[in-house]
Structure formats: structure tokens, C-alpha cells
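No gaps in the numbering here: position 74 of the sequence shown is 74 in full-length UniProt numbering, and each next residue is one more. No residue lacks a Cβ here, since even glycine has one placed at the ideal position from N, Cα and C.
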Amino acid sequence: MVYMMRATNEGSAVTTDPLPALRQMGLLTDLDLHFARLMVQLAGSDPAESSPLPIADGLGASAALALAAALASHATGQGDICVNLRQWARRAQWSAKAAEIPAFIPPLGEWLSAVRASPVVGRPGRRQPLVLDRRGRLYLYRYWDYERRLADDLLQRASVSSEAVDEAQLQTDLKRLYPRHPQLTGPDWQKVAAAVAALKRLCVISGGPGTGKTSTVLRILALLTGQAGARPLRIALAAPTGKAAARLQEAIRAAKPDLSRLGLQPEQLAQIPEEASTLHRLLGARPNSVYFRHDRDNPLPLDVLVVDEVSMVGLALMAKTVAALPPTARLILLGDKDQLASVEAGAVLGEICAGAGGFSPEFRSRLATLTGERLPRGRTVTSPLADAIVLLKHSYRFGATSGIGALAQAVNRGKATDALALLEGMPHEDIAWQTLADPAELAEQIAEPVTAGFASYLQAAQNNAGPVAVFERFNQFRVLSALRNGPFGVEALNRLCEEVLHRRGLVNTRQDWYCGRPVMIVHNDYNLRLFNGDIGITLPDPEDSTRMKVFFLGSDGALRSFAPARLPDHETVYAMTVHKSQGSEFDHVLVVTPNAPSPVLSRELLYTALTRAKQRASFYGVPEVFAGAVERRLRRSSGLRDRLWVEPRVSSERAAALPTPPA
Numbered sequence: 001m002v003y004m005m006r007a008t009n010e011g012s013a014v015t016t017d018p019l020p021a022l023r024q025m026g027l028l029t030d031l032d033l034h035f036a037r038l039m040v041q042l043a044g045s046d047p048a049e050s051s052p053l054p055i056a057d058g059l060g061a062s063a064a065l066a067l068a069a070a071l072a073s074h075a076t077g078q079g080d081i082c083v084n085l086r087q088w089a090r091r092a093q094w095s096a097k098a099a100e101i102p103a104f105i106p107p108l109g110e111w112l113s114a115v116r117a118s119p120v121v122g123r124p125g126r127r128q129p130l131v132l133d134r135r136g137r138l139y140l141y142r143y144w145d146y147e148r149r150l151a152d153d154l155l156q157r158a159s160v161s162s163e164a165v166d167e168a169q170l171q172t173d174l175k176r177l178y179p180r181h182p183q184l185t186g187p188d189w190q191k192v193a194a195a196v197a198a199l200k201r202l203c204v205i206s207g208g209p210g211t212g213k214t215s216t217v218l219r220i221l222a223l224l225t226g227q228a229g230a231r232p233l234r235i236a237l238a239a240p241t242g243k244a245a246a247r248l249q250e251a252i253r254a255a256k257p258d259l260s261r262l263g264l265q266p267e268q269l270a271q272i273p274e275e276a277s278t279l280h281r282l283l284g285a286r287p288n289s290v291y292f293r294h295d296r297d298n299p300l301p302l303d304v305l306v307v308d309e310v311s312m313v314g315l316a317l318m319a320k321t322v323a324a325l326p327p328t329a330r331l332i333l334l335g336d337k338d339q340l341a342s343v344e345a346g347a348v349l350g351e352i353c354a355g356a357g358g359f360s361p362e363f364r365s366r367l368a369t370l371t372g373e374r375l376p377r378g379r380t381v382t383s384p385l386a387d388a389i390v391l392l393k394h395s396y397r398f399g400a401t402s403g404i405g406a407l408a409q410a411v412n413r414g415k416a417t418d419a420l421a422l423l424e425g426m427p428h429e430d431i432a433w434q435t436l437a438d439p440a441e442l443a444e445q446i447a448e449p450v451t452a453g454f455a456s457y458l459q460a461a462q463n464n465a466g467p468v469a470v471f472e473r474f475n476q477f478r479v480l481s482a483l484r485n486g487p488f489g490v491e492a493l494n495r496l497c498e499e500v501l502h503r504r505g506l507v508n509t510r511q512d513w514y515c516g517r518p519v520m521i522v523h524n525d526y527n528l529r530l531f532n533g534d535i536g537i538t539l540p541d542p543e544d545s546t547r548m549k550v551f552f553l554g555s556d557g558a559l560r561s562f563a564p565a566r567l568p569d570h571e572t573v574y575a576m577t578v579h580k581s582q583g584s585e586f587d588h589v590l591v592v593t594p595n596a597p598s599p600v601l602s603r604e605l606l607y608t609a610l611t612r613a614k615q616r617a618s619f620y621g622v623p624e625v626f627a628g629a630v631e632r633r634l635r636r637s638s639g640l641r642d643r644l645w646v647e648p649r650v651s652s653e654r655a656a657a658l659p660t661p662p663a
């Protein structure tokens, strides 16, 4: 419990309610305060009595509950699954010593005891509004339940091997579908991932850009069709957003002809779908509801589910997806564990992969026999999840001389000095650095790259090249920012881009809906089937060139157009946040970071921005701020990692310590 202090004329101190003070400091919101009051009321206390008592008079139970509930509410809004009261108390104590937050913290045990004694707080397994575990993590019950169910489902799937695998056929197909690549000097982890997916009901494949996740999963599906027998496999492809689903679909369609050249039969090819959907559409989203049509009681009619871009999937959606899959079906998860976590609560992929680093000895031996690869020994891990995860390590896109590849490694490892040396030294042609000047000069600094990046698509739009060609050129370049607001946020950057392009004669901003204006939908419209993140481009109506329409390119390649007045809430999108760019790739990205530190800046954000680029990445920023972001790693508070990696080990150790039963 935190007691905010203020000095009296006599030099002594009296306590004041910490919640309004924390609200003023931006550590709580009005919603958090309302939730705290509700919990106090449900606990049977008078909200007026929720102010903390001086420490000499003992710990106020209502005050303890109010503060803990407010922090738990705020945590989920910040992407955490829970609030760790022990860590928060240590943080507040350190801040008090640093004179950042004038605070006094009574004994943590006293705070935890008061919270645990509340009738609205239950131990794990009891259905109460709040759940407090033995590590001092306080959850809203719904998130505790999502976390428990997801962990249980994943561990169960990882523990079970797929039945009736023809290992002789599998070995033959692996050799045929994964010929040795000349660039490889170590194990072919794509081949290993395919074997894991064939043997297990759960396979998690994580890798950076260019490591071949999509081509790997396509060949995995080819392997599985060879094991299917007489009944064709029911396979579905999904991703968290429409953009990600469209990219997965395009990649599958582009790579599928390669399978014919590798000897796949037409009836096997026919089983591999060419369409991908969003997870919400796959599960059967219900408007204005958190429930889906498909769930544990009404599972999806599938044998195999492939989910791409899993780093973007929050805890709630992942728990519901796994629950809706039949127990006998295979689940294949693809993503990059080092990317930004979901905007929703949770960092699911990162925590699933947290303990990955080697297979169990028995499974490693089995994989080595099937694949012919020499697999390194990993550390001993007792969680069954260890045998279900493969980390792809070789990038076929960014070779040894790639600046993007080298910079991505430096950022991921937190090597700020190395990252800046790569950028400022400019030894590579595919990365560039520009030190930011005064915000007033930003338009001049970005004028040339913005003009060069957007000229091609705007000229195509003016020359009536057709919506598909315009979209193709528009997706070659994008400006990315960490922030929405402020002089370096996307709102300001979009205005600057329009000004630059207007001065160069490429757009006419005197009209709201000028030819070529790109917009992003920011609120779902289920009637129009336009959703948050969908991007449209303003072009002349083919039937009446005096009118403008906004064209959207669907994940199935179909074009739809709307009158501007019909669109739901939207914004201009020459620049977009790094979060919104996830699931997309561009030939060239221009990344603008602010000239002062910000809580949102982290190595995960920089890595995600960098890896949106296929050919070139340009960074505009201040060296000290960039270095600070590389050194800062985001950690979301959660118990999922412990459930997946620590608790199975503890259970195993306890079982090993039990006496051997008599024969």
C-alpha cells in the first residue's frame, strides 16, 4: 500500500489518498478509480472509508483493496495480464528513494494480507472478481481464467503425439520436400519444424524475416496430406488481422506451384487451401459480443489450423482459438517472438517461446533419425512444450552483408553501441541514419525520401493505372512512427507528408478527397465489412470520372469501392504507427523516433519497425533516445510463462521426490 505524504507546518507528515495522486501522475485512469470503488462496494465497505489510514493506526483494509483493484484494472489496459503487487511495491519504494514519487510503503505482507482477506478476492480456482496468487499477482478473474485455460490446453496438446504417423513415408517426404540448401552450414531447422509438426498436435515456429516461415508451413501441409490417408484433410489458414491474412494468402498462392515441381500429387495440392481468414471470421465473431460461434462446445470442423503472425494475438483471442479446436486436430503457430506484442493484453508468443532451447533427449534422437540432421543438445527442460517449439535461425533474405540483418541482431541483443555504429557509420547500403533537427525542420528533412517514396503510386493514380497497380506501388514505401501524437507522431507526420507532396505537385490538398489520398479505417463497420486497419485509396470512379471513390483491396484480391461519405471513422495514412504496421512489409520504411525518451520506445518496437523493410530502412532520430530504446526491453506482467515452463518442472521434481511405490 502506498501512502502519499505532505508536510505540515510543524514538519510532521500526514497521509492523503494515493489514488487521485496516482491518477494525476498518469499511473491510473478514471476507469481504474471507478473499478476500485466498485470493488470496495462489493466488499461491503463504504467508499468514503477507502482513504488510507496513517500507518500508526494500522493498515486500512478498504484502502488496500481500492489501491490493488485500481492497479489491476490499469494493468490490463496497459497490456499486462495482471499486476504483480510485489514488483509494484518494490518499484514504488525505489521511486520514493529517488524522490520521484513521495511515498511511504507499509510492509508488503500487511498489504497482501489485507487484500487476500477481502471477500471479492479469491485464491486461484475460486470464482471471485479478483484472484491473488501465491506470487503476489493480482488478476481480474476473466484474465486469470484465460491464462489458466490457455496454459492447460497448450500443455495438453504438447504432451500428445499425433496418432498413426507413417514414419517411413514421413522420412521419404522430408528428404524430397527439403533438399539441402547451399547457404546452410548448420541444421536445417525448417526441415526439423516440419518433422515436429507431423509428430505433434502442437507446433510453434518462430523466426525473423526471411527465415522461411511461410514456405516451411506450406511444405508441412504437403507432408500432412501425405499422411492423411483416404479422407482429405480439413485445413484452415488464419491470421489476427486482414492485412496479415492477405499476406499469408499471397505467400501460399505464390509458393504453391513449387510443390508440383517437388512431386506433390494433384489430389494433395487440392487439400491445401489458398484462402486465409482472420481469426475473428474463422471463429464466428458476434457483433458487440466477446463470444464466438465456435468454442469448446462447438469446435471448428478442422484437422489442421495454421495461425500466422501470432505475436499480434492477445491472450483472450488465443485462449478462445485454442479452445475452439478439436483435441485431435493439429495446431501450427507461426510468428516472430521478438516483435512487439499484441495491442491487447498479453505477450503470448514471447511467453510460449520463453523456455525454448532444446528438445528432450528422446525426442531429439527421434527427430535426428527422421531428418538426418545433427541436432545440438539443449538444456534439460521438463515442460512438454520444449518438444513443440522450433526457432528458425537462418535468414535467406538478409545475408552476412545485410545491414538490416546485422542491425536487427544488435537491437534484439540490446547492443545500443553496436546498433548506432551500424547506422551512423553507414557501412551498409540498406540502412541509413539521419539525426533529427528541430521539429520545425522535420518537413524539410523528410521531403526528399517522402517524395521519392510516394511519387510512383501517385503518378499511377493520376494516370489511371488501375486500383491494383496503385496499391502495389503504394505498398512499396511507408513512414512509421512510435507515437500517435506530438510533433513526431503519425498525425503530424501525415500533415507534413501532404504538405511536401502538395508542394511537389503530386497531390491537391485543397480538396478533401483528392486523387491518391490513402486512408485507414479506425473503427469497425460490420455492415460495410470495413474493419480497423483496412487501407483504401481514393481514385476516380470508373463510371464517372468527376466523382471520387475509395477503393479497398480484399484479402481475396477482390476490389470494393465506397463513396467517401459512407466510410466509418478513418484517417490519412502516409504515416502509420509501428503497431499498425505489423503484418505488413514494404520495400522501404522511413522510421521517425521522437527527440525525447518515451515509455513506448523499446527494442521490440525498433526491431518490429526495422523488419517491416524488405530492402531498405531509414531511421530519423536522436542517438541518445535511440540507444535508450535499444536498451529498454518491454516486460508484460503475466503468469503464463510460469504456468508453461516453471510449474511443469516443479511438478516433475515433486513427482521424482516421491518414494517409489512397492511392486
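Under three-state DSSP, which class holds residue i?
| i | result |
| --- | --- |
| proline 47 | Annotation note: pLDDT 45 at proline 47 (below 50); position unreliable, no value reported. |
| leucine 567 | coil |
| histidine 588 | strand |
| valine 83 | strand |
| serine 311 | helix |
| aspartate 438 | coil |
| lysine 415 | coil |
| alanine 432 | strand |
| phenylalanine 292 | strand |
| aspartate 153 | helix |
| valine 630 | helix |
| tyrosine 526 | coil |
| valine 646 | helix |
| methionine 520 | strand |
| alanine 56 | At alanine 56, the pLDDT of 29 sits below 50, so the modelled position is not reliable and the matter cannot be decided from this model. |
Could you tell me the boundaries of the beta strand (DSSP E) in which residue i lies?
| i | result |
| --- | --- |
| tyrosine 620 | 613-621 |
| valine 304 | 304-307 |
| leucine 334 | 330-335 |
| tyrosine 139 | 137-140 |
| glycine 536 | 535-541 |
| glutamine 171 | Counting along the chain, glutamine 171 falls outside any beta strand (DSSP E), though it belongs to the alpha helix (DSSP H) covering 167-177. |
| residue 665 | No statement about residue 665 is possible, as the shown extent of the chain runs from 1 to 663 and does not include it. |
| threonine 577 | 575-577 |
| glycine 284 | Note, glycine 284: premise wrong, no beta strand (DSSP E); not H, not E. |
| isoleucine 272 | Where isoleucine 272 is concerned, there is no enclosing beta strand (DSSP E), given that its DSSP letter is neither H nor E. |
Among residues of its own chain, excluding the 5 on either side of residue i, which ones have a beta-carbon nearer than 7 angstroms to its beta-carbon?
| i | result |
| --- | --- |
| alanine 613 | Ile404, Phe586, His588, Val589 |
| alanine 354 | Arg641, Trp645 |
| arginine 253 | Glu274 |
| valine 165 | Ala198, Leu199, Gln227 |
| alanine 419 | Leu407, Ala410, Val411, Val630 |
| leucine 33 | Leu19, Arg23, Ala70 |
Go through its chain and collect everything with a Cβ distance to residue i's Cβ below 8 angstroms, but skip five positions before and after it.
| i | result |
| --- | --- |
| aspartate 193 | Looking at the sequence shown, residue 193 is not aspartate but alanine. These residues qualify, in order along the chain: Cys203, Ile205, Thr216, Ile220, Val390, Leu392. |
| alanine 195 | Leu170, Leu174, Leu367, Leu370, Thr371 |
With a CB to CB cut of under 6 angstroms and the five nearest residues on each side skipped, what residues in its chain are close to residue i?
| i | result |
| --- | --- |
| glycine 314 | Ser342, Glu344, Ala345, Gly346 |
| leucine 480 | Val578, Ser581, Val589, Val591, Ala609 |
| arginine 137 | Cys82, Asn84, Gly639 |
| proline 232 | Gln271 |
For the alpha helix (DSSP H) containing residue i, name the first residue and the last one.
| i | result |
| --- | --- |
| glycine 403 | 403-412 |
| arginine 37 | 30-42 |
| arginine 547 | Run containing arginine 547: none in the alpha helix (DSSP H); it sits in the beta strand (DSSP E), 544-553. |
| proline 266 | 266-269 |
| valine 192 | 189-199 |
| valine 600 | First-last for valine 600: undefined, no H or E at that position. |
| serine 113 | 108-116 |
| alanine 222 | 213-226 |
| alanine 245 | 242-261 |
Quick check: does the Cβ of residue i come within less than 7 angstroms of any heavy atom belonging to the ligand MG?
| i | result |
| --- | --- |
| glycine 486 | Looking at this structure, you won't find the ligand MG or any other ligand, since it has none at all. |
>> To test your reading of the DSSP string, which unbroken alpha helix (DSSP H) runs of 4 or more residues are found completely within the stretch 461-496?
In response: 467-474
> Any contact of the stretch 423-439 with the stretch 220-230, i.e. 3+ C-beta pairs under 8 angstroms?
Replying inline: no
> When the Cβ atoms of the stretch 633-649 are set against those of the stretch 145-165, are three or more pairs found closer than 8 angstroms?
Replying inline: yes
> Taking one C-beta from the stretch 333-349 and one from the stretch 296-316 each time, how about it: are there three or more such pairs within less than 8 angstroms?
Replying inline: yes
> Whole beta strand (DSSP E) runs in the stretch 332-380 with 3 or more residues, listed along the chain?
Replying inline: none
>> If contact is defined by three or more beta carbon pairs under 8 angstroms, each pair taking one atom from either stretch, is the stretch 109-118 in contact with the stretch 63-73?
In response: yes
>> For the structure I just gave you, are there three or more beta carbon pairs, one from the stretch 529-545 and one from the stretch 486-493, closer than 8 angstroms?
In response: no
> Does the stretch 513-525 come within contact of the stretch 553-568, defined as at least 3 CB pairs closer than 8 angstroms?
Replying inline: yes
>> Between the stretch 617-630 and the stretch 430-447, can you find at least three pairs of beta-carbon atoms closer than 8 angstroms?
In response: yes
> Pairing CB atoms from the stretch 436-443 with CB atoms from the stretch 460-471, are three or more of them under 8 angstroms?
Replying inline: no
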